[in-house]
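S.K.: Its first residue numbered 254, the sequence shown is counted upward by one per residue in this note's numbering. A virtual CB, placed ideally from N, CA and C, is assigned to each residue, including glycine. Everything numeric in this text was worked out from a predicted model, so none of it was measured. Right, I'll just put the structure down here and ask away after.
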Amino acid sequence: MFDKVLIANRGEIAMRVVRACREMGIKTVAVHSTADANAMHVRMADESVCIGPPAAKDSYNNIPALIAACEITNANAIHPGYGFLSENARFAEIVTAHNITFIGPTAEHIRIMGDKVEAKRTAKMLGIPVVPGSDGAVLEADAIAVAAEIGYPVLIKAASGGGGRGMKVVQHEGELLSQLSLAKNEAKSAFGDDTVYMEKYLSTPRHIEVQVLCDMHGTALHLGERDCSLQRRHQKVLEEATSPALNESQRSEIGTIVANAMLKLGYIGVGTVEFLYENGEFYFIEMNTRLQVEHPITEMITGLDLVREQIRVANGAPLGLTQADIEFRGHAIECRVNAENAVTFKPSPGLIRNWHVPGGLGVRVDSAAYAGYSIPPYYDSLIGKLIVHGRNRTECLMRLRRSLDEFVVDGVDTTIPLFQRLMLEPDFQNGDYHIHWLEEFLARTAPA
Ligand code: ADP
254 MFDKVLIANR
264 GEIAMRVVRA
274 CREMGIKTVA
284 VHSTADANAM
294 HVRMADESVC
304 IGPPAAKDSY
314 NNIPALIAAC
324 EITNANAIHP
334 GYGFLSENAR
344 FAEIVTAHNI
354 TFIGPTAEHI
364 RIMGDKVEAK
374 RTAKMLGIPV
384 VPGSDGAVLE
394 ADAIAVAAEI
404 GYPVLIKAAS
414 GGGGRGMKVV
424 QHEGELLSQL
434 SLAKNEAKSA
444 FGDDTVYMEK
454 YLSTPRHIEV
464 QVLCDMHGTA
474 LHLGERDCSL
484 QRRHQKVLEE
494 ATSPALNESQ
504 RSEIGTIVAN
514 AMLKLGYIGV
524 GTVEFLYENG
534 EFYFIEMNTR
544 LQVEHPITEM
554 ITGLDLVREQ
564 IRVANGAPLG
574 LTQADIEFRG
584 HAIECRVNAE
594 NAVTFKPSPG
604 LIRNWHVPGG
614 LGVRVDSAAY
624 AGYSIPPYYD
634 SLIGKLIVHG
644 RNRTECLMRL
654 RRSLDEFVVD
664 GVDTTIPLFQ
674 RLMLEPDFQN
684 GDYHIHWLEE
694 FLARTAPA
C-alpha cells in the first residue's frame with residue numbers, strides 16, 4: 254500500500270481523505286494556500302506544505318507547486334478530491350510522469366468524458382441511453398434541419414460547457430438562428446470554444462446519477478443511484494439515495510447497463526454517470542470521473558467506504574466484491590450547508606463564532622469548520638454536509654428534521670433555514686419533484 258498520500262484539495266473533502274488514509278495506516282500530506290494556514294485539514298494531516306497565495310490558480314490549481322510538494326515530502330500518490338484539478342487530464346498525466354500515482358481514472362478517460370460531444374458519443378457506443386440530439390457539433394447551415402428532426406423545444410449546449418453555462422432553450426424555428434449565435438458567442442467567451450451541439454429539451458426531468466466502482470482486474474460494480482433533482486442554478490442543493498422515483502428493478506436495470514459500459518471502457522476507480530430521467534426513460538448527460546460531493550449518501554446505504562476503495566484500486570488491489578455483495582439498506586439524504594443567506598443566496602464568509610453539529614443515530618456531518626474558524630472569501634461556500642440515514646425514507650426525514658434543528662452556526666449566514674422550510678413542503682415529503690421544482694418553490698415563497 255502507499256506509504257504517504259498528498260491531498261490536492263482543501264475543506265471537508267481533504268478531511269474526508271485524511272480520515273480514510275488514517276484508517277488504512279497511510280500517512281497524509283495536506284497542501285494549503287496562505288489563506289488556509291489555519292484550516293482544519295492542515296491540522297489533521299501528518300504534514301503540510303504551503304503551495305501559494307489565496308487565488309486557486311496560484312495554489313490549489315498550481316501543478317508545479319503540487320508536484321514539488323510531493324517530491325519534498327516523498328508522497329507516493331495524489332488524491333485530487335473534487336473540483337480544482339480532479340478532472341484535469343493534463344494534471345493526471347504529469348503526476349503519472351513523475352512516478353506518482355494519480356488516485357483516479359486514466360488521463361485518457363478523463364479527457365474523453367471532459368469533452369461533452371465526445372462523452373456522449375462514447376456513452377452511446379457503450380450502450381448507455383443518451384438524449385436524442387445532433388450527432389456531434391452543429392453548424393449554422395445545418396441547424397434548422399437538425400432541430401426539425403429532433404423536434405422542438407431543443408436545447409443548444411456548449412461542447413466545452415460546464416456549470417450550466419452556454420445553454421439556450423429554443424421553443425420554435427423562428428428563434429433558432431438568433432439563439433444559436435447567442436450560444437456560440439457565450440461559449441466562445443466562457444470556454445474559448447464556440448462548438449455547440451443540440452439536444453431534445455426535456456421539460457420536467459429528474460436528475461438521477463449512477464455511482465460506479467471499478468478495479469483493474471475486470472470488476473465493475475454499480476452502487477445504485479442518487480437523486481440530485483433539487484438544484485438551484487444547476488447546482489445541487491440536496492441529494493437522496495435511493496431515488497424516490499425508482500423501484501428495485503429499474504435501479505438494477507440502469508445500474509447493470511452502466512456497470513457493463515464501464516467494463517467495456519476499462520474504467521478504473523469511482524465515477525458517476527449522470528442522467529436526466531423523464532417518463533420512465535433515462536438520458537445520459539455527462540460523466541464525472543472523480544469522487545463527488547454527494548458520495549456519502551451512497552456510503553450510508555451500501556456501508557462501503559468509497560475513498561478507501563478508491564485508494565485500494567488505484568494501488569492495484571482487486572475489489573474483492575461482486576454485484577451480489579452490494580446491498581442497499583434504508584435511505585440517506587445529504588444537505589449541502591453553504592455559508593450563504595438562505596433567502597438571497599449571497600455568500601457569507603467570515604468568522605464562525607459558535608459551531609455545534611447534530612449527532613445521534615444515523616447522523617453524520619462532514620465538515621472542516623469549527624468555532625473560531627474564519628471562512629475565507631476565495632473558495633466555494635460549502636462549509637459542511639449534513640448526511641442522515643434511516644431505515645426508510647420516512648425515518649430519514651424525521652431524523653433530518655431534528656438534526657437541522659440541532660445544528661447551530663453563529664456568526665455567518667447558512668442555508669440551514671432553507672432546508673427547514675423544505676422539510677415542510679408536501680411535494681418534498683412525497684419525493685414528488687423535478688429539476689425545476691426548487692427554483693419554482695423559491696420563487697413561490699420569496700418574501701416580497
Ligand atoms: P453542465 O456541465 O454545464 O453542468 P449538464 O449537461 O450536466 O451541463 O447539464 C446541467 C443541467 O442542465 C442538468 O442537470 C439539467 O438541469 C439541465 N439540462 C441539461 N441537458 C438538458 C436537456 N436536454 N433538457 C433539459 N434540461 C437539461
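Mark Thr525 as exposed unless 16 or more other C-beta atoms lie within 10 angstroms of its C-beta, in which case mark it buried.
M.R.: buried
S.K.: Expressed to the nearest angstrom, what Euclidean distance is found between the alpha-carbon atoms of Ala322 and Val302?
M.R.: Spanning the two alpha carbons is a distance of roughly 6 Å.
S.K.: Would the stretch 644-656 and the stretch 310-320 be scored as touching if the rule is three or more Cβ pairs under 8 Å?
M.R.: Not touching, per the Cβ criterion.
S.K.: Looking only at C-alpha atoms, which of Tyr623, Trp690, Arg655 sits nearest to Gln673?
M.R.: It is Arg655.
S.K.: CB-CB under 8 Å to His285, same chain, minus the five flanking residues each way: which ones, in chain order?
M.R.: The answer, listed in chain order, is Arg263, Ala292, His294, Val295, Ser301, Val302, Cys303, Ile304, Ser312.
S.K.: Quick one: what does DSSP say Glu678 is sitting in, helix, strand or coil?
M.R.: coil
S.K.: Could you say which of Pro406, Arg364, Ala436, Gly380 lies nearest to Leu392 if we only look at CA atoms?
M.R.: The residue among Pro406, Arg364, Ala436, Gly380 with its C-alpha nearest the C-alpha of Leu392 is Ala436.
S.K.: How do the stretch 409-416 and the stretch 436-449 stand: do at least 3 beta-carbon pairs fall below 8 Å, yes or no?
M.R.: yes
S.K.: Indicate the three-state DSSP secondary structure (helix, strand or coil) for Arg374 in the structure shown.
M.R.: helix
S.K.: Check this for me: beta carbons of Ile636 and Ala585, under 8 Å apart or not?
M.R.: no
S.K.: Going by DSSP, what residues sit across from Tyr530 in a beta bridge?
M.R.: Paired residue(s): Arg459, Phe535.
S.K.: When the distance is taken between beta carbons, is Ala473 closer than 8 Å to Tyr520?
M.R.: Result yes, Cβ atoms of Tyr520 and Ala473 sit closer than 8 Å.
S.K.: Alpha carbon to alpha carbon, what distance is there between Glu534 and His351?
M.R.: 44 Å
S.K.: Any idea which residues DSSP pairs Leu483 with across the strands?
M.R.: Leu491
S.K.: Can you pull the DSSP bridge partners for Cys649?
M.R.: The partner list for Cys649 (beta bridge, DSSP) is empty, contrary to what the question assumes.
S.K.: Using alpha carbons as the reference points, say which of Ala696, Arg617, Leu639, His609 lies closest to Asp663.
M.R.: His609
S.K.: Between the beta-carbon of Asn327 and the beta-carbon of Thr354, is there less than 8 Å?
M.R.: no
S.K.: Report the three-state DSSP secondary structure of Phe255 (helix, strand or coil).
M.R.: coil
S.K.: So Leu599 is in the beta strand (DSSP E); what residue range does that whole segment cover?
M.R.: The sequence given here has Lys at residue 599, not Leu. Note, Lys599: premise wrong, no beta strand (DSSP E); not H, not E.
S.K.: Output yes or no for whether 8 Å exceeds the beta carbon distance between Glu587 and Glu692.
M.R.: No, the pair does not count as a contact, with Cβ atoms beyond the cut-off.
S.K.: Determine the contact status of Ala261 and Gly334, defining contact as a CB-CB distance below 8 Å.
M.R.: yes
S.K.: One question on the structure: do Glu678 and Phe660 come within less than 8 Å of each other, judged by their Cβ atoms?
M.R.: no
S.K.: Ligand 1 and Gln484: does any heavy atom of the ligand fall closer than 7 Å to the residue's C-beta?
M.R.: yes
S.K.: Just checking my contact of Phe581 with Thr495 at CB under 8 Å: how many whole Å lie between their CB atoms?
M.R.: 6 Å
S.K.: Using a threshold of 8 Å, state whether the C-beta atoms of Val523 and Gln576 are closer than that.
M.R.: no
S.K.: Going by beta carbon distance, what residues of the same chain come within less than 6 Å of His332, once the five residues before and after it are set aside?
M.R.: Val258, Ile260, Val270, Ile356
S.K.: How should Tyr623 be labelled, buried or exposed, when 16 other C-beta atoms within 10 angstroms of its C-beta is the threshold for buried?
M.R.: exposed
S.K.: Just to confirm before moving on: does the CB-CB distance between Ile628 and Ile550 stay below 8 Å?
M.R.: Taking the C-beta atoms as reference points, Ile550 is found no nearer than 8 Å to Ile628.
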